[in-house]
Each structure stands twice: as C-alpha cells, then as structure tokens.
RNA sequence: GCCGAAGUAGCUCAGUGGUAGAGCAGCUCAUUCGUAAUGAGCGGGUCGCCGGUUCAAUCCCGGCCUUCGGCUCCA
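In our numbering, the protein residues as written are 4 to 644.
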C-alpha cells in the first residue's frame, strides 16, 4: 500500500532522526523506524541510556539535517549488494534480519540522504528541507520484533506535520486531552479512588461515581427486561474443579489470581514437606475419570495423561472467578430444558478478577477486578443468528444513547496458527460464519481480525479510543460451541432427543469500570443530566433566601432529583464558579425576587445564564430531560481563567 | 513482567546535607453579596517505605512500593 503524503513526511522524519542519531552516537545499532497514526518512531540498540537532554540534542541535530536540504535518493540493489552495504555500515545486528524478511523476488531498495543510508522500501519526501515541523516526544522500551524474549531496544517517539501551525495544534490537542483524562477527572470530580493498601488495579467507587454506575445499570437493566433476560446472582469464587471443567485452569492460570487452598489441605501439604512446584502440580492435576469424561465429551484429547494423578494426591481449592460463565452454566444445567424454553438468557452484573501485569494497569480502563454487565444465552443452533442480532442491537442502543458514535467493530476470528483455542474446527467455522453474518446486519463497517477470538469462540467487539488514542474493547458478543460440550449441557428437542445448546456470551458495556473510564473521557466530565452525580445546585444569593432554598431542595428531592443547596457564605460569583468547576448541569440562583415569585434564575452548564423561570415548569422540563436521557449540548467556551 | 521517568500538605508545585514552604482546597470569624474566585485568621506533611553513608539525610547511595510513558500481555 503506498504511503499517504503525511506518512511519507513522518517516515522521512524517522530517517532524519536516524541520521542525527548516528552523528551523535555512531555506535548505535538501528532496527526500524516506521510512521504511526500520530507520528513516527525509531528503534535503536544503544548502551547509552537516552535522556530527555539527548532528545533535545537529537532534535537540534535533526534541524541541521533538514537545513542541509539533503535529497532522498532511492537505490535498488541485489540481495548480495544489500548485505554488503549493511555490513560496510556496521548495521548487521538487526538490518540483516530485516533484509531476510524481504521475500525472494521482491525489489530490495535503500534510501540515502546525506551520509545516511537505510534499508527501506520507501517512499520519502524529495528533500530533507520538507521537514519543517517535527518534535521528539518520548523514549520508551520496546522489544525487538515485539517479542519479550528478544532484547529490549530504546524507542524514540516523535511527530511531524507539514506546517508548524499543525504541529502546534497537535501538541495543543495532547494538552487538552490530558485535561479529559479519566484519572484526573475521576480525582477532581471524586468519582473513584484506587488505594495502595487495598491493592493496585482495584477500583473503589465513591458515592458520586456509584451514582453514574447505578444509573447505567438501571438503564441496561430496563433494556434487558424488554428483551426477556432473567436476572441471576452468583458468588465471587468457585472451586478449582469448576475451572478445570471450563478449561480456564490451568491454561490461563498466569492471568488469574492464585488459587485459594483450604487451610487444612495447605497444612497437610506443608507437613509432607511438599515443594512449591509439587503443590502447583497437584492443583493442576485431575483424576483419571475426569480426564476420560472431558475427553469423551469434547471428542478430542483436551486433557493429557500427564495431568492425571492418584486421588490422594489431588488438591482442590477455590478461585476468584475470572469469568461468570461457569456459574451461569451451572444455573442452566440445574434444570432440564425443553426446546420450548429456549433461549434462556441469564444476566448478572458479575465481578471477575484477573491477574493483569503490573505495568499494564491503567486507571479504570485496565484493572484487576471488574464488573461485567454479563449475560449468557443458551439457545438452539437455529436461534443463534437472531440472538446475535438482538445482542448487537443492545450494544447499539447503549452506544447511541450515550452519543458514543466513534467506535469500530472488530470481528475476532481464530488464528489458524495458534493452539490456544479449544473445540472442534467445524463448530468454529459455523460460529465464525454466524458472527460475520450478524456483523453484516449492523449498517456499520467492520474488520475481520484473525487471532482476536476468545479461546472458546469468535466474537464481535466494539472498540473505542480513549483521549490519547489508545483503543479499548468495550461491548462484546461471543459465540461459543465449546463450553456446552465441556459441561455436557443439553435440552430436549421436538424429536424427544437430547440436543446440545449453543451459548452466546455478551456484555454491552464490557466492564463497568472500563466503560465508565471511557465515558468520563467521552463527556470530559460533563455528564448528561440523567448520569450527573449532582443534577442541580441551588445557590441562594444571601442567607435571607436560605429558607426558600431549603423548600426548593425538598421539592427537588421529592421529585427524585439529585440536588445540593450551597449554603456557604461566599459571594454569588464564587458559588457559580464552584458549581461550574464541579460540572453541575443546572445551577439555580435564588434571590429575593425569585423567592417572591416562586421562580428560579436558571444557569445551564452548557448555555450559561438563561434568566428567570417559574420553578414548576423548570422542574417538569428537567424531569423530561432525565427521562429521555438527553445528551448534553455542546458547551460554550469557558471564559479565560 | 521488561525499559525509562517520577513520588514533598487533599490538589498543583517550589526548596535545602542542619528535621520544610506557596497558591488553591479545608476550618473559624467577619461579610449577606445578582451569574466563573470577599477579607482576615487558623489548622494541616514520619518530604512513598526500609536500610546504608554521615555528628546530622527530605536531599547522597542501595533495595522495595506506587504512579506515569511505552513494550509484552489482555480467556
């Protein structure tokens, strides 16, 4: 695919960076330097740890290279010539490997600017003087070829634009984005806290944040009732045996919290002088019968003989649940089902726990304990298509109601080269076809991505970006032919025979934590009235109208409105300012003339002062705005601070 | 987990080898005010934690914890 002019510019900037880098650090070994969505980077192997000051020096050197107005010259060479060039330049450490990646028969080319020459398919700007606006942004570690078994290189990130104005605008946008960061707004608006003593990645929802979450849960709960879901509740833990049946353990044990082993069993193991490794082996072990049962049900060897142990050496324990499905499956399995009962749709806001690597934790968007707005649908194969469409419709209702229109749809398929998936390929094919067909019913573009499936089945994900451009999977719908087999689920068909149901896993929000994190950034803290923790601020101008304020507060609360009376002795301007900073949608200013007329002076967060209105119609209009879950109007620019 | 950076009051940040300061926020008092900051006073910090060097460490050194930017991972 040819590069866009902007990519060409940024790619050229990365060559200029490499040119500057070799001038300052001739011993540097270069890897690759491609353009990205918002700039470019170059990966380099260098013993010297690059510092912020080095970036400044490199940027200055890049300016010189740009001013030297070097032409970018393409040179097409044979594979042998290429090797010679790389070796002559002392860059064989990574570049020879990169050269080997180029398929036989494909043209090998170098680009030269000034004294620098790099293996590169191109393309580039004609002259380095085209680079008028660039900036080096940060240094980060990055594994060679993205593989953590390889050496970690230093990655220099930068960005470039055709003009200085566009660069300045971009940098300004980055600064603005920081103000919308859910971690900052979450603290400022007191929506959630994370406490070291409680634990990394564990969200404590404060009263204000809990209101938002509760409103979202009530909203989706209403939609679920319309669609025939049934609410269930299940505990936060389950026995290890349950997850051995489901396949979560031991295959995914590195992303789960350690098992909780009963004290007596633990004591017994300790007195046997059992080593740690032995204990893990016993936790992972299964009985011969368990192995036979599962293997027979799934029709292949999912549990190998080396996991079988004598009964007395088995060790069970409990696990914090990494998913809700096994619990829901057990509810389904507790009753015989007729085809007439299906689909069965079991829904729960279920909290799950996953052991995320410490370096991956991020505010509310990547956490170790989170609550999925989960549901599992058990249906016949014929019902899958319609149920999938119903699930997708639900996701769309959620996103539309919240005005989140900037998302992409990803159909996650299995990676044919990976062994991490369980189940029969024929069922996978059916499930993937069903997902593709359902995605086509959405009138929105989607991409099919191999390797993005869940381990038990393909899925349709709704992916949105946060303020700094990182993508997060929110809503998800997944088809599963495998867990019904592993748990030996069945229903009685019209033919009076036993049949296997198909499962659909779906979560329109995904996780309440991640969704709220993204939602905070989406609204920049200016929540629609129905979600706003505080909907109305009552501001009496003086103590003389406190009594009127109290009576309005009582009326608002009686109407179910979340209102607060500001009885500080500040001047009006200070109270207005405080309400604005706290992003309260409506501030009602109360003075003598309002009290006299049973009126309020309305100040809207979006529109500013709206003048005096009688209280009763204001209240009705407010209730209507809440009932319809109206989205906030675009805010007028704030006055200069 | 890995690479790099950071951690001083609730928040934003200054500062020094001799046990710390500002603004905002909070509290008290005065003020009773018409659409983004009324004034005065007061309280508040084991300078992330643990060790080491030193007569003395918030500052220098080491380890750990946490956060941030990436990488890897994300059933």
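Every residue gets a Cβ at the ideal spot worked out from N, C-alpha and C, and that includes glycine.
- Strand pairing of residue 616, partner residues [DSSP]: 603
- Message: Can you list, in chain order, the residues of its chain with a C-beta nearer than 6 Å to that of residue 153? Leave out the 5 residues immediately preceding and following it.
- Response: 146, 147
- Query: Which runs of the beta strand (DSSP E) fall wholly inside the stretch 102-174 and span at least 3 residues, in chain order?
  - Reply: 111-116, 119-122, 136-146, 155-164
- Are residue 283 and residue 294 close, meaning C-beta to C-beta below 7 Å? no
- Quick one: using the 10 Å Cβ neighbour count with 16 as the cut-off for buried, is residue 653 buried or exposed? No answer is possible for residue 653: the residues shown for the chain start at 4 and end at 644.
- Query: What residue range is occupied by the uninterrupted beta strand (DSSP E) comprising residue 77?
  - Reply: 76-80
- Outcome for residue 603 when other beta-carbon atoms lying within 10 angstroms are tallied against a minimum of 16: buried
- Item | Under 7 Å between C-beta atoms of residue 539 and residue 564 | yes
- Message: Is the beta carbon of residue 496 closer than 7 Å to that of residue 481?
- Response: no
- Cutoff 6 Å; reference residue 211; Cβ partners in own chain excluding five residues on either side: 193, 194, 536
- Item | Distance between beta carbons of residue 12 and residue 133, contact taken as under 8 Å | A Cβ-Cβ distance of about 7 Å is found for the pair residue 133 and residue 12, placing them in contact under the 8 Å criterion.
- Query: Can you list, in chain order, the stretches of the beta strand (DSSP E) that have 3 or more residues and sit fully within the stretch 307-353?
  - Reply: 321-323
- Query: Is there contact between the stretch 302-318 and the stretch 347-361, where contact requires at least three CB pairs shorter than 8 Å?
  - Reply: no
- Give every residue of the same chain whose Cβ lies closer than 7 Å to the Cβ of residue 418, excluding the five residues on either side of it in the sequence, and list them in chain order. Result list for residue 418: 453, 454, in chain order.
- If we count the other Cβ atoms within 10 Å of its Cβ and call it buried at 16 or more, is residue 19 buried or exposed? buried
- Should residue 610 go down as buried or exposed, given a rule of 16 or more other Cβ atoms within 10 Å for buried? exposed
- Among 88, 406, 92, 559, which has the Cα closest to the Cα of residue 467? 406
- Starting from residue 526, follow the alpha helix (DSSP H) in both directions and report where the run begins and ends. 515-526
- From the DSSP output, in three-state form, read off residue 621 for me. helix
- Is the stretch 512-526 touching the stretch 180-194 in the sense that three or more CB pairs, one from each, lie closer than 8 Å? yes
- Message: Please report the straight-line C-alpha distance between residue 241 and residue 330, rounded to a whole angstrom.
- Response: 8 Å
- Item | Among 431, 197, 422, 414, the one whose alpha carbon lies nearest that of residue 443 | 414
- Task: Tell me, please, which residues DSSP counts as bridged to residue 543.
- Result: 593
- Can you grab the Cα-Cα spacing for the pair residue 61 / residue 422, in whole Å? 44 Å
- CA nearest to the CA of residue 377, picked from 511, 591, 628, 208: 511
- Query: Within 10 angstroms of its Cβ, does residue 31 collect 16 or more other Cβ (buried), or is it exposed?
  - Reply: buried
- Task: Provide the residue(s) that pair with residue 450 in DSSP beta bridges, ordered along the chain.
- Result: 413
- Using CA coordinates, which residue listed in 97, 59, 53, 95 is at the minimum distance from residue 157? 53
- Query: Assuming residue 438 and residue 463 make a contact with CB atoms under 8 Å, what is their CB distance in whole Å?
  - Reply: 5 Å
- Message: Could you pull the DSSP bridge partners for residue 611 from this structure?
- Response: 607
- Task: Would you identify the three-state DSSP class for residue 407, choosing helix, strand or coil?
- Result: coil
- Task: Work out the CA separation of residue 630 and residue 226 for me, nearest whole Å.
- Result: 14 Å
- Stretch-stretch touch, CB-based, cutoff 8 Å, three pairs: the stretch 118-131 with the stretch 20-39: A contact exists between the stretch 118-131 and the stretch 20-39.
- Note down, in chain order, each residue of its chain lying with its Cβ closer than 8 Å to the Cβ of residue 144, except the 5 sequence neighbours on either side. 155, 156, 157, 158
- Item | residue 206 versus 221, 189, 218, residue with shortest Cα-Cα distance | 189
- Name, in chain order, the residues that DSSP records as bridge partners for residue 365. 369
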